[in-house]
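For the sequence shown, the residue numbers in my numbering are 54 to 568. Okay, so here's the structure we're looking at.
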Amino acid sequence: MSISRRRLLAAGGGLSIAALLGAAGCGGGEDDSGSGDSLTVLLPGDVPPGWDAVLAAVNAKLKAELGFTINPQFTAWANYKNQTLLKFTAGESFDTALQARWLSMTQLVASKSLVAVDDLLAGGKYPNLSKTLDPKLIEQNKWSGKLYGIPQVNAAARIQHFNIRQDLAEKHGFGEIADYATLERFWYAVKQKEKNVIPMAVNSNMPDLLISNGQPVGLFNAYSWDNPQPSAQAFSGDSLPFVMALDAKQTGSSRPVPFWEAPGMVDALRAVRRYYLDGIINKDALNVDTSTVNSQFEAGRYASRWAITDGLSSKSVATLAAAVPGARLANVVPFRGGRSAKPYQTFQADNFVVLNAKGSSHEKAMQLEDWLSVKANHDLISYGVEGTDWRPVGSDKFEQVTKYTFPGFALCWRADLELKIKDITESEDAWFTWAKDYDNFTVDPFASFIPDPEPVKREDAQVVAAMTQYANPLFVGAVDVDKGLDALKKALDKAGIAKLQAEMEKQANEYLKGQ
């Protein structure tokens, strides 16, 4: 299951979204709908600084080369999901949008609001785009045999991990940290010896990621760092994750269980509770947003934070060093076996550019995606005007000169075209390079399984409400583990977890039969 981008305004997208875009405000283009000569593109976040000049350059080049322009419509992150769903439901004639399972993609596929792009991609009509899409990426992102959008990725896979203050690690005698036990000792050393620094930052978008919500690892789940191969599925992004049997592929029996019955999960809950009580993590986790936590990290208040293998956490290097002279960063991915760990991955993209069935021209929408797969065009919209907004550093890096930032994951992320930031640390560069290689991962047995929530729609909504009320405080350590888990189980029983579990097993077993 992919990490929710809404949750991961913590990075990855999430960190990068929060850091680059912010979570409020909205903006629009010149008009409200597409036409034959202008495609309307729905994008999340604020209008980027300096956007008018970049858009003018993009549209001049598009008009000259393809005969049409784009009219991007920006919507604040807080409103993006609901507003775009309303636009689809109302049958508006915009052309493309950012969508994902953590947004409304499942619902939109069911309502036939999206265009399957398989046939459009066939026949070599869009060679630049096809060249940037790995066959494995295409295959693992099909839903019931159909591809309902262009996957937007900057690597083969994305693993959540830790971005730490390397200067503090060395100050307290730790050097390079490569395993979870050492990382934990580092946190306790910081707590004891750095009076004004909280060892680890947690924010309101992260609760279930601390344990392992369908991810190969949970941040505070030590068992998962040694055994990064759970396979979990949920009917919706905020619902209960069911962990599948490890031998499901061999036996044909998925035998899904709620997360607390899987190895390491309850131990992780107890670890988080201890961190909460000992002051290793901040006690306001449920009430503090990602951008606030990242700003505080860059001001030197925290010793570590969440990161994802997208190459973007090093963006904080200059800001942190300005606030705390001598501060340095490193990325810690504490797998047993390091980069030879071969963690599970579904390779399902966190983000898709989808084509609206009511759009003005599906062909032109695909031409746009093909055009953005040419390096010069990709770089123009991604980084701004070269020489004004950014400048190249060597062959694979760039330096941002202005504050221009664009949500590339929502329109033009291409793994082979993305440049690395100038200040990328050695450790982040190594892990980002590792994450680009499909052979460094094990394909999850349920990689292309997409549960259909329709048969349990009512129960799933009730389970989501129960998870929000009872699971989130448990996940951040704010309540006693035994009492909190008991309250969660009772709420889930009342909400209809038994029906969800039975339906998940039925669908998962049918999927296994078809493999």
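In this text, a Cβ means the ideal position worked out from N, Cα and C, and glycines have one as well.
Residue closest to residue i, alpha-carbon to alpha-carbon, out of the options
i, options, result
"residue 354", "333, 276 and 472", "333"
"residue 215", "503, 383 and 541", "383"
"residue 466", "503, 427, 495 and 162", "427"
"residue 279", "252, 417, 321 and 477", "321"
"residue 349", "254, 454 and 443", "254"
"residue 135", "97, 373 and 496", "97"
"residue 194", "528, 210 and 375", "210"
"residue 441", "487, 411 and 453", "453"
"residue 103", "114, 455 and 155", "455"
"residue 386", "358, 160, 526 and 331", "358"
"residue 196", "168, 418 and 185", "168"
"residue 250", "377, 471 and 561", "377"
"residue 459", "443, 447 and 449", "443"
"residue 535", "141, 299 and 318", "318"
"residue 240", "335, 502 and 379", "335"
"residue 472", "488, 379, 511 and 365", "365"
"residue 343", "356, 259 and 308", "259"
"residue 171", "201, 160 and 90", "201"
"residue 275", "237, 562, 309 and 307", "237"
"residue 141", "457, 165 and 388", "165"
"residue 529", "399, 457, 502 and 327", "327"
"residue 161", "410, 540, 502 and 568", "410"
"residue 112", "90, 130 and 281", "90"
For residue j and residue i, the rounded distance between their alpha carbons
i, j, result
"residue 153", "residue 224", "42 Å"
"residue 464", "residue 120", "19 Å"
"residue 189", "residue 329", "41 Å"
"residue 74", "residue 125", "Note on residue 74: pLDDT 33, under 50, position unreliable in the model; the coordinate value appears next. Cα to Cα, the separation comes out at about 15 Å."
"residue 147", "residue 515", "33 Å"
"residue 406", "residue 485", "23 Å"
"residue 217", "residue 242", "13 Å"
"residue 474", "residue 106", "22 Å"
"residue 526", "residue 339", "7 Å"
"residue 420", "residue 179", "7 Å"
"residue 114", "residue 185", "21 Å"
"residue 151", "residue 133", "9 Å"
"residue 497", "residue 351", "36 Å"
"residue 59", "residue 363", "Residue confidence for residue 59 is low, a pLDDT of 36 falling below 50, so the modelled location carries little weight and cannot support an answer."
"residue 538", "residue 156", "28 Å"
"residue 110", "residue 445", "18 Å"
"residue 551", "residue 264", "22 Å"
"residue 555", "residue 451", "51 Å"
"residue 542", "residue 439", "55 Å"
"residue 521", "residue 337", "16 Å"
"residue 296", "residue 323", "19 Å"
"residue 234", "residue 388", "11 Å"
"residue 309", "residue 562", "10 Å"
"residue 447", "residue 540", "56 Å"
Expected contact under 8 Å - CB spacing of residue i and residue j to nearest Å
i, j, result
"residue 402", "residue 206", "5 Å"
"residue 122", "residue 95", "The Cβ separation is near 16 Å, so there is no contact."
"residue 422", "residue 203", "5 Å"
"residue 256", "residue 341", "5 Å"
"residue 261", "residue 519", "Going by Cβ atoms, the distance from residue 261 to residue 519 rounds to 13 Å, so no, they are not a contact pair."
"residue 252", "residue 244", "5 Å"
"residue 371", "residue 232", "About 29 Å separates the two Cβ atoms, so there is no contact after all."
"residue 517", "residue 292", "5 Å"
"residue 283", "residue 315", "6 Å"
"residue 488", "residue 298", "Actually they are not in contact, since the Cβ atoms of residue 488 and residue 298 sit about 27 Å apart, beyond 8 Å."
Beta-carbon proximity list for residue i, same chain, < 7 Å, skipping 5 on both sides
i, result
"residue 507", "163"
"residue 418", "92, 148, 149, 408 and 412"
"residue 566", "305"
"residue 504", "286, 288, 557 and 560"
"residue 431", "425, 465, 467 and 470"
"residue 375", "none"
"residue 449", "472 and 473"
"residue 138", "157"
"residue 39", "Any answer about residue 39 is impossible in this case: the structure gives the chain only from 54 up to 568."
Cβ shell of residue i (< 6 Å), same chain only, five flanking positions each side left out
i, result
"residue 289", "506 and 513"
"residue 381", "219 and 220"
"residue 346", "254 and 256"
"residue 277", "265, 270, 271 and 317"
"residue 182", "422, 423 and 426"
Sequence-distant residues of the same chain with beta carbon closer than 8 Å to residue i, five excluded per side
i, result
"residue 228", "222"
"residue 570", "As displayed, the chain neither begins before 54 nor continues past 568, which places residue 570 out of reach and without an answer."
Any chain C beta carbon closer than 8 Å to residue i
i, result
"residue 422", "Although the question refers to chain C, the structure presented lacks it and comprises just one protein chain."
Touching by the beta-carbon criterion (3+ pairs, under 8 Å), the stretch 382-400 and the stretch 487-504: The stretch 382-400, when compared against the stretch 487-504, does touch it at the 8 Å Cβ threshold.
Segment contact, 8 Å Cβ cut-off, at least three pairs: the stretch 477-485 with the stretch 542-554: Not touching, per the Cβ criterion.
Three-pair Cβ contact test at 8 Å for the stretch 162-181 versus the stretch 431-442: Taking a cut-off of 8 Å for Cβ pairs, the stretch 162-181 and the stretch 431-442 do not touch, as fewer than three such pairs fall below it.
Contact between the stretch 403-420 and the stretch 300-314 (3+ Cβ pairs under 8 Å): Taking 8 Å as the limit for Cβ pairs, the verdict is that the stretch 300-314 does not touch the stretch 403-420.
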